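S.K.: If you read the sequence shown in the working numbering, its first letter stands for residue 36, the second for the next number, and so on.
Backbone N, C-alpha and C fix where the C-beta goes; we use that ideal spot for every residue, glycine too.
If you're wondering where the values come from, they're calculated on a predicted model, not measured in any experiment.
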Amino acid sequence: MNIPSMPLDRAIEILSRQTGCPVLVDPPLMDGRTSAAIKGAYTPQGALLHLFGSVHVDVTATVSGLSVSPLDATALTSGNTRANLRTAP
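As structure tokens, then:
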């Protein structure tokens with residue numbers, strides 16, 4: 036996978052297209068955020084977690100794809116956050 040840093044909503048769309056895995060995310064979790072860049076081999080779930088960077092979210096596999104939910108109130112606060120750590124697949 037190779038997705039550069041960009042607006043988070045766009046990065047999630049690209050991830051969904053590349054993996055064929057639909058992603059359900061509440062818009063407030065994406066508003067005003069920039070994704071972390073990813074490059075390398077990831078599971079769809081691992082890649083999605085990495086795109087969110089330091090934002091505390093939970094990614095759950097569902098029958099129809101992946102669902103993202105906030106782990107705490109800071110995930111709902113808009114901001115430009117990025118992580119420097121790679122999420123293991």
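Just to check my reading of the structure: residue 71 and residue 40 have Cβ atoms closer than 8 Å, yes? What is that Cβ distance to the nearest angstrom?
M.R.: Numbered from its first residue, the sequence shown carries residue 71 at position 36. Numbered from its first residue, the sequence shown carries residue 40 at position 5. Indeed they touch by this definition, with Cβ atoms about 6 Å apart.
S.K.: For residue 66, which of helix, strand or coil comes out of DSSP?
M.R.: The residue given as residue 66 occupies position 31 in the sequence shown. Of the three classes helix, strand and coil, the one that applies to residue 66 here is coil, per DSSP.
S.K.: State the Cα-Cα distance for the pair residue 82 and residue 104, rounded to the nearest angstrom.
M.R.: Looking up residue 82 in the sequence shown gives position 47. Looking up residue 104 in the sequence shown gives position 69. Using only the alpha carbons, I get a separation of about 15 Å.
S.K.: With distances taken from CA atoms, which of 44, 96, 68 is nearest residue 78?
M.R.: If you number the sequence shown from 1, residue 78 lands on position 43. Comparing Cα-Cα distances from residue 78 to each of 44, 96, 68, the minimum goes to 96.
S.K.: Who pairs with residue 102 in a beta bridge, going by DSSP?
M.R.: Translated into positions along the sequence shown, residue 102 becomes position 67. According to DSSP, residue 102 bridges with 59, 95.
S.K.: Between residue 99 and the rest of its own chain, which residues show a CB-CB distance below 7 Å, the 5 nearest in sequence each way excluded?
M.R.: Numbered from 1 along the sequence shown, position 64 holds the residue referred to as residue 99. So the qualifying residues of the chain are 57.
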